[in-house]
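Here the structure comes first, spelled out in structure tokens, and everything after it is commentary.
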Amino acid sequence: MGHPGPASLLRRDYAVRLWSSAIFQEKQARGACVAPPAREASRSGKRVGKPPMSGGVCMASSANARWLATMTRLSGGGPLVKANQIDGEELSKVLNRLGEAAVNPEAWHDIMDDICKAVGASAALLLQSDIRTPDVPRTASIAEATDLYFRNNWHLRDPRAKGFPRMMAGEVVTDHDVMTPEQIRADPMYNEVLFPFGYRWFAGIGFWADSAAWALTLQRTGREGAFEARDKQLLAQLAPRLTETATLATAIGRAALTSMTDVLDRVRQPALVLNREGMVLRTNAVADRGFDDEIRIRDRRLVLRDKQAMTKLDQLISMIRSTPDAAAIPASPILVRRTTKPPVVLRVLPVDGAARSVFLGARAMLILSNLVPRAAPDQALIGQAFDLTPAESRLAALLATGASLAGAAEHLRISRETARNHLKAIFSKTGAHRQSELVTLVSQLG
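For the sequence shown, the numbering used here assigns the number 41 to the initial residue and increments by one for each residue that follows.
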């Protein structure tokens with residue numbers, strides 16, 4: 041027999057959710073008619089009708105029986121009882137694999153799928169306790185619901201969030217730990233985000249990623265049944281292993297980011313790393329030395345005095361927020377003009393590997409070309425290479441750092457006319473025709 045398709049499974053979950061509730065079972069036991077809420081519908085688009093009524097009572101037991109048969113057909117014809125139990129042996133196997141996710145952020149998806157199989161759940165999602173972002177790891181089964189959750193800002197008003205302190209204290213928290221059955225049935229978030237996708241029962245396991253609070257949230261359908269006391273005891277063993285893995289992943293990710301920025305620091309290339317929200321996670325030493333009133337970090341954000349460049353930077357950050365993690369960020373370089381210094385060019389590089397730990401949120405590296413003056417090439421080497429006089433060599437070395445002719449003349453304490461005469465001699469000996477050509481030629485020596 042083939043496996044039922046997604047639409048069939050969702051219709052089955054709708055039916056199970058409607059008549060596996062305590063209210064339905066109680067009424068069924070009394071032989072009373074049971075009318076599902078009018079808003080319930082199958083994924084086929086047809087509403088599940090109420091049983092025939094006359095004067096507030098069932099017209100005939102046969103009509104009620106036909107309605108029950110319809111519900112059974114939607115449920116796939118199987119028994120409406122809890123079909124899955126937590127497999128302790130499989131859960132132990134998954135726990136032993138958690139270390140993979142510490143060094144490879146992409147492993148979370150497969151591991152979360154395996155956790156779901158071991159604990160009898162249909163979906164899993166990792167959520168932050170404070171600032172929640174749409175790029176959190178999740179199983180593919182809950183991707184559409186998660187998009188809806190963030191798009192409609194339910195992450196800011198999730199009624200289950202009140203259980204976070206208890207999760208972080210070591211308790212596995214379920215729906216019924218924070219809400220009554222009546223509140224669950226009436227809650228807008230459940231009715232908009234969870235119920236339409238067949239999800240009925242929730243369990244949250246709190247853990248730490250260094251000092252940040254996170255939770256692994258699991259979702260079961262009505263057929264899979266609620267998380268019971270024994271389930272919570274078994275799920276509790278996930279918390280310390282998740283904390284161990286997440287904290288290690290955070291440390292490895294930070295080390296990877298440090299390595300990336302330090303390598304650029306050695307070649308005097310200013311760089312900084314942004315997270316998905318545009319916050320600065322790390323800068324290297326050469327960037328720190330180059331920041332001033334026109335380009336600086338304020339409240340963990342890069343701020344530019346050039347208004348046009350700042351507008352483009354804001355657009356870049358919006359693009360970072362909306363671009364899927366696996367996709368490249370299609371951003372053009374940003375030119376930042378400065379009043380008394382050469383312009384700076386911002387370029388975007390991707391962040392990959394362990395540096396992309398979900399618990400750090402690193403999303404992009406910015407390279408700030410020309411933020412700091414280039415190191416002056418060795419004057420003696422310049423003079424030897426092009427047969428320049430000491431005075432000409434000093435001027436050529438300063439021009440190679442990006443200084444203007446006037447600025448170089450002031451620094452050398454010579455007149456502008458003398459500087460122009462030296463420059464003419466330098467052009468003649470090097471074969472350069474413009475100052476930019478001279479800078480390129482001399483820079484190759486350094």
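Each residue gets a CB set at the ideal place from its N, CA and C atoms; glycine is no exception.
Kindly indicate which three-state DSSP category residue i falls into: helix, strand or coil?
{"i": "Met359", "result": "helix"}
{"i": "Gln168", "result": "strand"}
{"i": "Val482", "result": "helix"}
{"i": "Ala255", "result": "strand"}
{"i": "Asn315", "result": "strand"}
{"i": "Leu342", "result": "strand"}
{"i": "Arg474", "result": "coil"}
{"i": "Arg197", "result": "coil"}
{"i": "Val391", "result": "coil"}
{"i": "Val320", "result": "strand"}
{"i": "Ile466", "result": "helix"}
{"i": "Ile126", "result": "coil"}
{"i": "Arg191", "result": "helix"}
{"i": "Thr458", "result": "helix"}
{"i": "Val176", "result": "coil"}
{"i": "Leu138", "result": "coil"}
{"i": "Arg260", "result": "strand"}
{"i": "Arg336", "result": "strand"}
{"i": "Pro203", "result": "The sequence given here has Gly at residue 203, not Pro. In the structure shown, Gly203 sits in a helix (DSSP, three-state: H, G or I)."}
{"i": "Asn144", "result": "coil"}
{"i": "Phe64", "result": "Bear in mind that a pLDDT of 40 at Phe64, under 50, signals an unreliable position, so the model cannot answer this."}
{"i": "Ala349", "result": "helix"}
{"i": "Phe237", "result": "helix"}
{"i": "Thr290", "result": "helix"}
{"i": "Thr301", "result": "helix"}
{"i": "Ser397", "result": "coil"}
{"i": "Ala367", "result": "coil"}
For residue i, tell me which candidate among the options has the shortest Cα-Cα distance.
{"i": "Gln168", "options": "His473, Glu130, Ile422, Val398", "result": "Val398"}
{"i": "Asn193", "options": "Met359, Phe235, Thr173", "result": "Thr173"}
{"i": "Phe267", "options": "Ala255, Asp332, Trp241, Cys156", "result": "Trp241"}
{"i": "Phe204", "options": "Gln309, Val233, Thr179, Ile245", "result": "Ile245"}
{"i": "Ala269", "options": "Val212, Arg316, Ala402", "result": "Val212"}
{"i": "Arg378", "options": "Arg336, Gly210, Leu400, Val313", "result": "Arg336"}
{"i": "Gln273", "options": "Ala243, Gln419, Lys352", "result": "Ala243"}
{"i": "Leu135", "options": "Arg281, Asp187, Thr186, Pro364", "result": "Arg281"}
{"i": "Leu256", "options": "His149, Arg197, Gly293", "result": "His149"}
{"i": "Asp153", "options": "Ile171, Ala183, Asp170", "result": "Ala183"}
{"i": "Ala395", "options": "Ile292, Met350, Pro373", "result": "Ile292"}
{"i": "Asp217", "options": "Gln348, Asn231, Ala201", "result": "Ala201"}
In its own chain, which residues sit with a C-beta less than 8 Å from the C-beta of residue i, not counting the 5 before and 5 after it?
{"i": "Asp227", "result": "Pro199, Met219"}
{"i": "Thr283", "result": "Phe247, Trp248, Ala249"}
{"i": "Gly139", "result": "Thr285, Leu288"}
{"i": "Gly210", "result": "Gly246, Ala276, Ala279"}
{"i": "Ala325", "result": "Asp305"}
{"i": "Pro383", "result": "Leu375, Val376, Arg377, Asn410"}
{"i": "Ala443", "result": "Pro413, His451"}
{"i": "Thr186", "result": "Leu165, Pro174, Val176, Arg178"}
{"i": "Ala39", "result": "With the chain represented from 41 up to 486, any question about residue 39 goes unanswered, as that position is not in the structure."}
Once you ignore the five residues that flank residue i on each side, which residues in its own chain have a CB closer than 6 Å to its CB?
{"i": "Phe426", "result": "Lys469, Thr470"}
{"i": "Ser483", "result": "Ala440"}
{"i": "Pro77", "result": "Because the pLDDT at Pro77 is just 40, under 50, the model does not fix this residue reliably, and the point stays unresolved."}
{"i": "Val313", "result": "Leu297, Leu321, Arg322, Ala402, Met405"}
{"i": "Leu421", "result": "Leu485"}
{"i": "Ser433", "result": "Gln419, Ile422, Gly423"}
{"i": "Arg345", "result": "Glu334"}
{"i": "Gly318", "result": "Ile357"}
With a CB to CB cut of under 7 Å and the five nearest residues on each side skipped, what residues in its chain are close to residue i?
{"i": "Arg79", "result": "Caution applies to Arg79, whose pLDDT of 38 falls short of 50 and renders its modelled position unreliable; the model cannot decide the point."}
{"i": "Ala371", "result": "Leu356, Met359, Val388"}
{"i": "Ala472", "result": "Leu478, Leu481"}
{"i": "Arg316", "result": "Thr173, Asp175, Ile360, Arg361, Gly401, Arg403"}
{"i": "Ser574", "result": "Residue numbering for the chain in the displayed model covers 41 to 486; residue 574 lies beyond these limits and cannot be assessed."}
{"i": "Gln348", "result": "none"}
Which residues does DSSP pair with residue i in a beta bridge?
{"i": "Thr214", "result": "Ala243"}
{"i": "Ser409", "result": "Val385"}
{"i": "Thr441", "result": "DSSP output for Thr441 lists no bridge partner at all."}
{"i": "Arg434", "result": "Arg434 is not bridged to any residue."}
{"i": "Ala249", "result": "Ala252"}
{"i": "Ala404", "result": "Leu314, Pro390"}
{"i": "Val307", "result": "DSSP, once it has assigned bridges, lists no residue as partnering Val307."}
{"i": "Ala27", "result": "It is not possible to answer for residue 27, since the shown part of the chain is limited to 41 through 486."}
{"i": "Ile374", "result": "Leu386"}
*asked:* Within 8 Å, do at least three Cβ pairs link the segment 150 to 164 to the segment 258 to 275?
replied: With the cut-off at 8 Å, the segment 258 to 275 and the segment 150 to 164 touch.
*Do the segment 394 to 412 and the segment 320 to 339 make contact, defined as three or more Cβ pairs closer than 8 Å?*
Because the criterion of three Cβ pairs below 8 Å is met, the segment 394 to 412 and the segment 320 to 339 touch.
*With contact counted as at least three CB pairs below 8 Å, one residue from each stretch, are the segment 177 to 192 and the segment 136 to 155 in contact?*
Contact between the segment 177 to 192 and the segment 136 to 155 is present, because at least three Cβ pairs lie under 8 Å.
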